[in-house]
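In this note's numbering, the protein residues as written are 290 to 365.
Below you'll find the structure, written out as structure tokens, and then a few comments.
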């Protein structure tokens, strides 16, 4: 039996995609809210946008506000 779990962005409702640059993370890059990452290990969201963080907290989500230069930087 194969099971598929779809992760949805709690802000825009779009699909969270597998983050190719960071293991165990899903990502939504919708321009209306900026980059939003979800850590599958503990269910926390990461954003650099304080308003997005406030919306997530209102929805009962755990969230960390991070410095985008450090956390979202691509290390290719």
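Backbone N, C-alpha and C fix where the C-beta goes; we use that ideal spot for every residue, glycine too.
A distance below 9 Å separates the beta carbons of residue 296 and residue 304.
Residue 341: member of the alpha helix (DSSP H) spanning 339 to 347, first to last residue. Residue environment for residue 321: exposed (fewer than 16 other C-beta atoms within 10 angstroms of its C-beta).
Bounds of the beta strand (DSSP E) holding residue 315 are 314 to 317. Pairing residue 311 with residue 336, the inter-Cα distance amounts to about 15 Å.
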